[in-house]
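Colleague: Right, I'll just put the structure down here and ask away after.
Numbering (the working numbering), first residue to last: 580 to 646.
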């Protein structure tokens, strides 16, 4: 936002509560819903790659803003 990176976190699989966003695929706790409608513009990891907490996974663009 305004040229600054923002960090977000994802709850552990199976720790969903009613207050959290719906998953991308209902019934699959490994899918995460996006914070807004948009398009993935970059992917920083590959399928099956192990990542550490806080690692950048992808960039999402909506209304010319990248998240």
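Built from N, CA and C at the ideal position, the CB exists for glycine as well.
Helix, strand or coil: how does DSSP classify residue 584 here?
Modeller: Note: residue 584 maps to coil in three-state DSSP.
Colleague: I'd like the list of long-range same chain contacts for residue 639, defined as Cβ closer than 8 Å, with 5 residues on each side in sequence excluded.
Modeller: 613, 614, 615, 617, 618, 619, 620, 645 and 646, listed in sequence order.
Colleague: In whole angstroms, what is the alpha-carbon distance linking residue 611 and residue 603?
Modeller: Taking the straight line joining both Cα atoms gives about 5 Å.
Colleague: For residue 627 and residue 584, I'd like the C-alpha separation in whole angstroms.
Modeller: Looking at the two C-alpha atoms, the distance is approximately 25 Å.
Colleague: Short of 8 Å in beta carbon distance, which residues of its chain neighbour residue 631, apart from the five on each side in sequence? Order them along the chain.
Modeller: Excluding positions up to five away in sequence, the list is empty.
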